[in-house]
Ligand code: AOF
Ligand code: ZN
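In this note's numbering, the protein residues as written are 11 to 373.
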């Protein structure tokens with residue numbers, strides 16, 4: 011893909027503008043939600059910057075629309091005529107909450123569009139063809155890897171057509187998530203629990219089974235993240251299973267923090283059905299937080315994309331395992347994973363915990 015990031019098809023001014031557009035896209039403080047980070051720079055024919063824009067979150071103008079608005083505010087209705095639009099994502103061809111940007115660029119009279127990542131969202135894709143059909147010069151792929159990295163999980167979800175699934179486990183050295191009597195506070199250290207809350211704030215959905223709900227009554231909110239102090243984004247709380255959720259369950263959100271996105275009960279045991287329902291709610295990244303049967307169902311369905319395991323230097327010898335029966339009876343059938351990161355979590359006065367990040371090996 012390196013071949014598509016440079017070459018004779020773009021100018022130095024366009025490459026510099028794309029780097030600026032990537033930086034704009036990464037501007038902090040955007041709204042939580044289902045949309046990608048996107049930046050846009052409008053260049054005059056002489057290479058000077060006409061206007062810049064970026065997307066602030068679902069329901070607000072797309073990056074291209076934002077840049078066009080600013081150009082017009084600064085220089086009138088014809089501000090973008092003959093300009094080159096440099097965008098980190100292929101302009102959209104659909105009317106969703108806003109858009110379509112490809113048509114807006116045509117109407118604004120831009121002469122050329124340089125974009126980084128082709129839009130992996132089948133609903134919105136096709137903007138490059140719309141622009142070419144209107145006689146606009148279009149180049150795609152400039153710094154595409156950087157643009158993809160900026161929206162790595164979003165891109166993966168779009169390609170999968172379902173939310174990305176991260177399975178989180180907090181366990182003893184012998185892989186148990188609670189003692190024999192069900193008590194589980196506190197296997198992990200405070201540093202590991204803080205880290206796990208930061209993980210929660212990085213996803214848009216936290217999912218547990220009704221078994222875990224009834225056993226632990228988890229609140230599933232972000233309370234203790236490393237980002238404490240700043241506004242923390244709260245995930246949707248999802249419960250999966252046929253059993254009713256008690257009226258008193260904490261997941262319902264009594265005393266939920268500001269910006270609470272609420273909760274949902276998915277009345278199914280089928281992980282595919284659950285993910286389809288979450289996809290319909292525009293969820294892009296689900297954190298599986300228990301219990302062992304839910305984890306086994308997702309694993310057996312091939313629906314775990316990533317694992318994060320907090321290992322505590324604690325032995326229990328009995329108690330529930332992190333995952334239920336996977337149908338494996340002999341070692342040659344063992345599920346084998348690849349470790350992508352090892353982080354030692356240490357804090358004064360507490361036990362050292364280790365965070366392993368893993369992904370399933372592709373067969
Ligand atoms: C964005 N921001 O700057 C661009 C996007 O339903 P909507 O209107 O929110 O559209 C979302 C889709 O539009 C998104 O998934 C992506 O495919 C496309 N382009 N989206 O949120 C932008 N340019
Ligand atoms: Zn758009």
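For each residue, glycine too, the CB sits at the ideal point set by N, CA and C. Just so you know, these numbers come straight off a predicted model, no measurement behind them.
Check: residue i C-beta below 7 Å from any heavy atom of ligand 2
i: residue 43; result: no
i: residue 67; result: no
i: residue 109; result: yes
i: residue 50; result: no
i: residue 46; result: no
Contacting residues, own chain, Cβ-Cβ under 6 Å from residue i (five flanking each side not counted)
i: residue 334; result: 302, 303, 306
i: residue 357; result: 201
i: residue 185; result: 331, 332
i: residue 136; result: 103
i: residue 167; result: 173, 174, 294
i: residue 316; result: 176, 369
i: residue 127; result: 99, 154, 157, 158
i: residue 55; result: 92
Simplified DSSP assignment, three categories, for residue i
i: residue 295; result: strand
i: residue 207; result: helix
i: residue 316; result: strand
i: residue 196; result: coil
i: residue 253; result: coil
i: residue 212; result: helix
i: residue 111; result: helix
i: residue 276; result: strand
i: residue 179; result: strand
i: residue 33; result: helix
i: residue 80; result: helix
i: residue 143; result: helix
i: residue 248; result: strand
i: residue 283; result: helix
i: residue 302; result: helix
i: residue 335; result: coil
i: residue 61; result: strand
i: residue 166; result: helix
i: residue 39; result: coil
i: residue 360; result: coil
i: residue 155; result: helix
i: residue 340; result: coil
Contact test: residue i Cβ vs ligand 1 heavy atom, cutoff 7 Å
i: residue 72; result: yes
i: residue 128; result: no
i: residue 271; result: no
i: residue 81; result: no
i: residue 131; result: yes
i: residue 106; result: yes
i: residue 134; result: yes
i: residue 141; result: no
i: residue 101; result: yes
Beta-carbon contacts of residue i that lie in its chain and below 8 Å, excluding the five residues immediately before and after
i: residue 80; result: 61, 62, 63
i: residue 238; result: Below a pLDDT of 50, predicted positions are generally treated as unreliable, and residue 238, at 47, falls in that range; the measurement from the model is reported next regardless. Nothing listed; no residue qualifies.
i: residue 362; result: 199, 323, 354, 355, 356
Residues near residue i in its chain [Cβ-Cβ closer than 7 Å; skip 5 each side]
i: residue 267; result: 231, 244
i: residue 223; result: 249, 255, 259, 261
i: residue 352; result: 364, 366
i: residue 23; result: 53, 57
i: residue 90; result: 52, 60, 78, 81, 118, 119, 120
i: residue 31; result: 49, 50, 51, 96, 97, 98
How about the region 242-253 and the region 279-288: do they share at least three Cβ pairs that are nearer than 8 Å? Contact between the region 242-253 and the region 279-288 is present: three or more C-beta pairs spanning the two stretches fall below 8 Å.
Check whether the region 266-278 and the region 147-157 are in contact - that is, three or more C-beta pairs closer than 8 Å. Taking 8 Å as the limit for Cβ pairs, the verdict is that the region 147-157 does not touch the region 266-278.
Quick one: any contact between the region 23-41 and the region 60-69, if contact means 3 or more CB pairs under 8 Å? yes
Could you tell me whether the region 172-185 touches the region 133-148, where touching means 3 or more Cβ pairs closer than 8 Å? Inter-segment contact for the region 172-185 and the region 133-148 is absent: fewer than three beta-carbon pairs are separated by less than 8 Å.
Is it true that the region 282-297 meets the region 255-262, where meeting means three or more beta-carbon pairs spaced less than 8 Å apart? The region 282-297 is not in contact with the region 255-262.
Give a yes or no on contact between the region 116-125 and the region 80-100, applying the rule of three or more CB pairs nearer than 8 Å. Cβ pair count under 8 Å is three or more, so yes.
Indicate whether the contact test is met: 3 or more Cβ pairs, each with one atom in the region 104-117 and one in the region 28-39, closer than 8 Å. no
Would you say the region 348-366 touches the region 308-326, given that touching needs at least three Cβ pairs under 8 Å? yes
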